[in-house]
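Asks:
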Ligand SMILES: [Zn+2]
Ligand SMILES: [Zn+2]
Ligand SMILES: [Zn+2]
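Protein chains in written order, with full-length UniProt numbering: chain A, 1 to 648; chain B, 1 to 648; chain C, 1 to 648.
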């Protein structure tokens with residue numbers, strides 16, 4: 001990392017602004033207002049391509065020069081964006097082949113944003129061209145603190161295109177990966193349903209097939225598309241590094257987004273950022289129960305938010321340093337309904353971001369847009385430039401309480417995009433998804449007051465006391481080895497469907513859990529994917545949706561099913577410090593994780609509903625997401641509010 | 001208006017007939033039966049193009065000559081249709097470019113009806129050609145009383161086509177409207193997301209974009225498509241005026257249909273008509289509560305029906321004269337389920353149409369079709385030619401009670417297609433639509449026994465005591481001035497989301513309610529679009545789905561929110577005779593409208609559930625839509641029945 | 001029939017195996033294991049085209065030679081499949097015109113299975129070519145007992161293609177059928193909506209129309225598509241007959257599948273087969289109530305299974321002889337959730353198949369696939385080759401109890417694909433389908449312990465005491481005559497919507513029930529398609545969804561509606577031995593069918609819920625699908641189990 005945000009003495013506050021949307025006579029006034037509010041950073045130029053290059057090659061820098069200079073005069077710092085999320089009309093008209101094609105075969109047209117195919121070499125060239133031009137112009141400007149590449153890669157289902165550019169690139173990628181069709185046919189199991197290829201050009205993208213496409217092909221397609229995003233990012237970052245030395249480079253990822261492998265895509269960045277919209281995240285969450293959506297309608301669900309903090313913190317550095325590049329500060333406009341946040345929510349979200357390791361929080365956006373697609377989205381100023389509710393909350397914030405430092409997590413929760421791709425593609429039960437299973441384990445840990453690092457299964461796990469792997473259904477040899485190594489010092493917990501698939505998306509032909517069976521001490525016997533009306537029992541716990549049983553080798557049965565077709569069979573097995581939980585059962589998972597944490601010496605709190613505890617830099621933040629005050633740890637935390645304690 | 005239906009001494013009864021569907025030996029018999037039933041008008045030739053011009057240019061008039069002559073001999077009058085809603089196979093085969101394209105990019109093919117693009121110059125030419133031929137042949141026939149153009153413009157989502165004909169016409173329309181791309185880019189706010197155009201040919205129709213298209217573009221596209229319908233209609237009307245002097249020209253619009261601006265499209269007509277299918281309207285209504293759908297399953301909901309009467313009456317003349325061109329007289333076949341109407345429903349619907357200003361009611365259809373798409377739709381005769389239930393009800397009708405005259409409405413409810421387009425495109429809350437908000441106010445007025453004119457916001461409002469504007473979210477300068485003028489003599493009531501958008505679909509950059517803020521006496525502060533599980537309180541009333549608060553200038557706060565993020569803020573403001581209601585709350589709206597009506601000297605009745613009162617020509621019709629008798633105003637009105645009183 | 005399975009002394013047990021999916025070193029071991037389990041038949045080569053002909057014309061028989069020889073050495077018999085359900089990549093790449101096009105106009109691509117248009121002459125040629133090659137190679141091999149053509153015709157909505165091959169073939173088919181466009185226009189009622197054709201090339205496939213296509217066209221299109229499947233099958237069967245004398249030929253149909261007329265498609269076979277997946281059938285059933293889906297989640301619903309047994313048994317021979325070619329033996333992977341079957345379910349299903357006339361039951365599949373689309377589908381062996389639950393159940397089966405012989409059904413239930421096509425295309429009530437209405441009558445009969453033959457309305461009905469026609473909405477003259485003939489000796493029962501449509505899909509222009517009105521003794525008066533919240537009463541019975549009333553000629557009214565618009569009108573009419581039930585009312589249907597059976601001398605049992613009784617070959621099978629034991633006929637039948645009695 002270079003001139004990084006982490007060097008600040010406390011949490012950086014910033015704002016996303018679009019000066020090109022307002023008359024120039026507002027610019028200086030806004031800069032002074034922003035400074036007066038305690039903001040130090042302004043993100044600029046996102047989507048500004050049509051203003052920076054109105055005609056091919058005819059750049060217009062003056063307006064942006066002026067904006068940056070005004071901010072510089074106020075001692076504000078700037079985060080500049082490459083504007084590639086919105087190629088202008090003239091470029092699309094000249095090169096319609098850069099447009100993506102959706103899975104239904106329809107070309108996705110100009111008129112909104114993200115209308116490009118990551119694999120298009122024509123678009124790649126223009127991406128490098130505009131990045132170079134901007135980086136040369138502003139890369140060494142003293143006000144420029146860093147860069148954001150593009151905006152929200154993959155938003156609106158744009159990671160994967162099904163047009164000619166991607167088709168050709170996919171075939172090239174496959175040729176590179178497999179060398180021979182013999183290898184590819186074996187890896188995909190193409191003997192099944194006569195899918196064997198005898199020439200590379202026979203291979204199509206896996207859309208519009210008569211019934212489900214080959215899951216191994218779909219897996220490789222997801223990997224390919226992820227690689228295209230990675231390449232796209234790397235091309236921009238390489239240019240920024242060269243032309244803008246000493247500035248940080250980040251990208252603003254999205255919550256619960258895994259169409260590409262964000263760990264790989266973030267590898268070339270200084271730190272990761274994400275865009276936090278707690279109420280939108282809640283309303284569009286596919287697995288949160290309706291009563292919880294109601295309860296947290298005006299604050300968002302604490303764990304939906306913090307999971308993403310913990311994930312993006314750990315993409316680059318598992319102890320601190322990420323940014324919330326866009327932080328909701330009023331109501332959003334894109335969920336089915338968009339309630340106003342509760343009083344205090346913007347402060348609570350800001351504090352929570354800090355406690356989970358954020359070094360910067362940049363509110364979206366300065367003034368509510370008066371034009372085009374987002375006029376019903378709030379900003380810190382209303383359309384009429386009066387300060388909106390979020391503005392007033394930020395005025396009362398004390399960011400100096402939010403000092404930098406490490407998040408002292410002793411528990412690692414493993415997340416793996418490739419496992420997600422396979423798990424959700426082959427759910428077997430439409431009511432149970434990868435995220436749902438992961439979040440059951442994550443929320444349980446959080447309800448026990450435990451700080452969690454969300455890391456990749458290939459990460460260095462040596463510092464953790466407990467490693468929880470809720471849904472690693474794809475198991476590579478390397479990951480298996482890493483887990484085995486972790487078992488030498490940590491408690492390990494595995495969830496259902498662990499190690500079902502090989503690296504190529506086939507079932508282990510020696511059965512499950514494949515290469516982990518020695519570590520776990522048993523083998524998968526049967527799995528039961530229950531309709532939601534079914535319930536089976538196990539030691540007083542209810543099991544729904546999924547039940548797996550094991551044939552023990554040298555593990556012991558901790559729990560045995562008591563009803564249903566698996567009655568009498570092992571539901572939870574333990575081999576030394578390795579625990580495998582085959583049943584989907586929130587109560588059981590809670591009690592088992594509590595036990596494991598205690599055994600591992602991780603301290604545990606019984607945190608009331610709606611309360612969350614997070615630690616950073618020697619402090620403990622107690623957050624109350626309830627609409628009522630709660631007495632906890634000897635203090636009363638008011639509704640939608642927080643307290644900062646010294647962590648003792 | 002010329003030889004208008006309004007000259008009749010009482011309600012005209014007619015029927016829609018398709019003699020080309022039955023053997024010629026039935027024609028004379030049917031004419032005599034129709035006359036015996038008291039019908040005086042027969043609508044003919046709708047969809048008859050393939051019989052009138054079986055081969056290009058080879059017209060076959062004999063059969064229609066004969067049908068009209070037979071009716072003429074029985075002193076029956078004829079309403080002739082231009083058959084353009086169903087271009088024949090030979091025309092489509094010769095000119096596939098007339099076919100429309102749907103929003104998904106699929107060409108909509110021959111094999112049903114309405115398979116044309118309103119913007120196709122080729123189809124326009126054929127429309128004028130067949131209209132001219134028919135008008136010359138029959139325009140001066142003594143039996144021909146009038147004309148219906150085409151059939152149900154826009155039905156089956158056909159207002160907007162996304163093919164080449166419309167794309168080219170849209171660009172031409174924009175060029176005409178904006179003169180320069182600079183103007184267009186400013187009007188659409190294209191600086192947002194780099195949407196600026198630098199050449200006219202870059203502009204596409206707003207479909208298949210990656211995410212939401214630009215709302216201002218969508219608004220202009222809706223206006224363009226509406227204009228194409230208007231031009232299409234005007235071309236036919238011009239020919240009919242020339243070749244068929246003294247005959248009325250109308251078009252049969254549809255209930256709750258606003259894909260085009262029906263006010264503009266009706267401008268060249270003598271009077272408007274609409275097609276009333278009360279049970280279908282109920283079953284396909286997106287906002288009516290399930291318990292009300294159950295209660296009114298066999299009668300339709302009274303307000304869903306009468307709203308359209310009031311709307312179509314006021315399209316041309318706000319006191320009388322429209323027709324119900326197709327009146328349901330048995331079960332329909334096109335809703336998800338199609339119950340039989342209750343005994344008496346056909347009589348009740350006929351009386352209600354009269355009381356709301358209809359001069360003609362034409363039942364659909366004479367004999368149930370034995371062939372093709374509508375065989376499960378009833379008629380006055382069954383397939384076997386026995387009189388069906390509706391026939392028997394009409395036999396007992398006394399149309400002589402239904403005399404012409406004015407509907408004495410003192411209250412205007414404002415409806416604006418452009419506001420609907422913006423409101424529903426940018427709902428912010430999927431559970432609240434434009435029609436839903438409008439119908440809350442309309443139904444409330446009707447439950448108070450108030451007669452209502454549904455008029456455009458630009459209409460002459462000088463005759464009204466009360467003007468209610470539930471959802472005028474787009475506010476032009478002209479409309480603002482008209483409302484200001486109305487405030488000089490009338491009580492004004494505004495609903496939530498008033499004047500949010502400018503004429504080009506942007507948010508007012510001085511904030512809301514834009515140019516109305518002086519009139520209303522306050523400014524919009526915040527809006528809260530609640531998930532359906534949320535409820536906030538306000539003076540004992542429940543607020544759901546939408547809550548707006550105001551910053552008062554010189555208005556007074558009538559009500560203040562008592563819970564939620566807006567607690568303590570103004571929910572209802574009053575400045576003199578102008579009332580603004582920011583909360584979606586049926587109870588509150590009821591009590592406020594009742595108060596306003598009384599203050600304005602509009603008499604109010606507390607009408608029981610299922611009862612409706614309507615006045616016309618000095619008479620008062622009391623309608624009972626309940627399945628049980630009700631005592632009201634000293635009389636017992638039987639179930640599904642009505643009484644006519646002198647209006648005192 | 002030739003060397004038929006029916007010659008076996010007891011129920012044949014077999015398995016579907018894919019030796020090409022596993023290393024050759026497993027083949028001999030598997031054969032011995034299969035034999036040890038009591039299996040005598042192995043189905044092979046389904047989808048094996050890419051292994052049999054890896055390059056055009058370059059056949060590779062060695063591997064299959066070896067597999068068949070190994071099985072032959074173990075005295076096992078082989079069922080060979082033509083591999084045409086999965087044309088290989090090289091063929092699709094060389095001839096993309098064989099691909100089907102879906103109703104949305106999208107080409108359905110390579111990458112799964114069934115990617116062909118049945119009407120493609122190019123694909124037909126390749127189908128004959130590969131069939132000839134296989135039949136010549138293996139047709140006289142002593143181990144080859146018979147053939148399965150292709151696999152599950154029509155699966156994944158593949159019966160109907162909307163591409164050029166089908167469009168051209170459809171026009172040719174119509175020309176052949178109607179000779180003149182005058183005939184076609186009359187048959188389809190094309191005068192309606194100006195749909196008349198003046199040249200054959202104007203006729204398109206009935207997709208992507210603006211609103212509903214012409215139902216008569218849709219009916220003919222369904223007939224055409226069905227004929228294409230029939231021709232496809234016949235071409236293969238002709239070759240197999242010639243090259244593989246003495247071997248049976250069958251096809252594996254699917255449950256509740258009627259996109260084509262399976263009776264016609266099966267005409268050239270020796271016997272029919274079907275693929276029985278009871279839990280999948282239950283989960284994907286559109287009409288089974290949620291509480292029954294819960295109750296039978298682990299066994300499937302007995303009547304959903306046995307209806308298909310009774311249907312496929314009667315396709316060729318209404319007393320015995322069909323096969324279950326694929327029998328579920330663990331959990332499936334293709335329903336929204338896929339619970340494990342209860343202990344005993346595989347045995348219960350096997351016994352039930354036998355009792356309903358099966359001569360062979362072949363489990364799907366030997367070893368669970370480790371690759372591609374079906375890895376989450378179970379087999380008799382797990383991925384790790386351990387015997388799965390189904391394997392253990394089959395070990396304990398006594399197939400020798402299951403002797404061949406006739407199913408002594410005295411009651412015929414009439415099923416007609418053409419009626420289904422019309423009924424479901426023009427439902428009038430989205431909550432009531434053809435299958436739902438048929439299954440109400442079928443399940444009622446089964447709950448009375450009655451054995452049922454499911455036969456075509458044109459079948460020889462002379463042997464039946466009772467003929468039940470729940471939903472014959474299309475009534476040809478020939479069927480009407482056959483029913484009249486049946487009435488000379490049998491009790492006849494008709495359900496609602498009987499004989500509404502003529503053979504061309506028009507309504508009878510003399511009214512309903514068309515040519516059956518003399519037989520039934522009355523005429524249809526009105527039908528009421530109720531929303532689900534409505535209920536009307538009739539003699540203590542509740543009527544929902546559908547109510548028809550009749551005008552009596554010489555029938556008598558057995559029941560009269562007591563509420564609703566049809567109050568006082570006839571709901572059930574009887575003319576001698578012909579009963580017509582106009583009301584959708586499970587209680588009424590139960591009591592009427594019970595009465596009719598008793599009158600006809602068919603013995604009736606009041607069978608408890610979850611219990612079913614079936615008779616074959618002088619034996620009676622009592623099946624318990626409940627999760628608890630039941631005392632019945634003096635014995636206790638344990639949960640998910642059965643007893644075989646002598647039928648006295
Ligand atoms: Zn909702
Ligand atoms: Zn419904
Ligand atoms: Zn489900």
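Virtual Cβ for every residue (Gly too), placed ideally from N, Cα, C.
This structure is a prediction, so every number in the text was calculated from the model and none was measured.
#1: With DSSP collapsed to three states, give me the class of residue 387(C).
#2: Hey, residue 222(B) and residue 435(B): beta-carbon distance below 7 angstroms or not?
#3: Got a sec: is the Cβ-Cβ distance from residue 365(B) to anything in chain A below 7 angstroms?
#4: Which residues of chain A have a Cβ atom closer than 7 angstroms to the Cβ of residue 213(B), listed in chain order?
#5: May I ask you to report which of helix, strand or coil DSSP gives residue 1(A)?
#6: For residue 514(B), does the count of other Cβ atoms within 10 angstroms reach 16, so buried, or fall short, so exposed?
#7: Check distances from the C-beta atoms of the segment 471-483 of chain A to those of chain C and list, in chain order, the residues that come in under 7 angstroms.
#8: List the DSSP bridge partners of residue 641(C).
#9: Taking the alpha helix (DSSP H) that residue 134(C) belongs to, which residues open and close that run?
#10: 7 angstroms is my cut-off, CB to CB: does residue 651(B) come that close to chain C?
#11: Name, in chain order, the residues that DSSP records as bridge partners for residue 362(C).
#12: Report yes if the C-beta distance between residue 379(C) and residue 366(C) is below 7 angstroms; otherwise report no.
#13: Residues of chain A with a CB under 8 angstroms from the CB of residue 283(C): which are they?
#14: Tell me, please, whether the CB atom of residue 224(C) is closer than 7 angstroms to any CB atom in chain B?
#15: Quick check: the segment 222-231 of chain B against the segment 53-61 of chain B, are at least 3 beta-carbon pairs closer than 8 angstroms?
#16: Could you check the C-alpha separation between residue 413(A) and residue 216(A) for me, to the nearest Å?
#17: Which of the three DSSP states, helix, strand or coil, is assigned to residue 599(C)?
Replies: Per the coordinate set shown:
#1: Taking the first residue of the third chain as 1, we reach residue 387(C) at position 387. Three-state result, residue 387(C): strand.
#2: Along the second chain, read from residue 1 onward, the residue named residue 222(B) stands at position 222. Along the second chain, read from residue 1 onward, the residue named residue 435(B) stands at position 435. The Cβ atoms of residue 222(B) and residue 435(B) do not sit closer than 7 angstroms to each other.
#3: By one-based count along the second chain, residue 365(B) stands at place 365. Judged by the 7 angstroms Cβ criterion, residue 365(B) is not in contact with chain A.
#4: For this step, residue 213(B) is matched to residue 213 along the second chain. Result: 111 and 112.
#5: For the purposes of this step, residue 1(A) is identified with residue 1 of the first chain, where counting begins at 1. Any reading at residue 1(A) must be qualified, since the residue scores a pLDDT of 35, below 50, and its modelled position is unreliable; no value is offered.
#6: Looking up residue 514(B) in the second chain gives position 514. Label assigned to residue 514(B): buried.
#7: none
#8: For the purposes of this step, residue 641(C) is identified with residue 641 of the third chain, where counting begins at 1. Beta-bridge analysis with DSSP links residue 641(C) to 624(C).
#9: Locating residue 134(C) in the third chain gives position 134, counting from the first residue. Start and end: 121-138.
#10: What is shown of chain B runs 1 to 648, which leaves residue 651(B) out entirely.
#11: By 1-based counting over the third chain, the position of residue 362(C) is 362. Its beta-bridge partners are 14(C).
#12: Counted from its first residue, the third chain places residue 379(C) at position 379. Counted from its first residue, the third chain places residue 366(C) at position 366. Yes, these two residues count as a Cβ contact at 7 angstroms.
#13: By one-based count along the third chain, residue 283(C) stands at place 283. Simply 531.
#14: What you label residue 224(C) is simply residue 224 of the third chain in a count that begins at 1. So no, residue 224(C) is outside the interface.
#15: Result no; under three Cβ-Cβ pairs closer than 8 angstroms.
#16: Residue numbering aside, residue 413(A) sits at position 413 when the first chain is read from its first letter. Residue numbering aside, residue 216(A) sits at position 216 when the first chain is read from its first letter. In a straight line, the C-alpha of residue 413(A) is about 26 angstroms away from that of residue 216(A).
#17: For the purposes of this step, residue 599(C) is taken as the residue at position 599 of the third chain. Helix, per DSSP.
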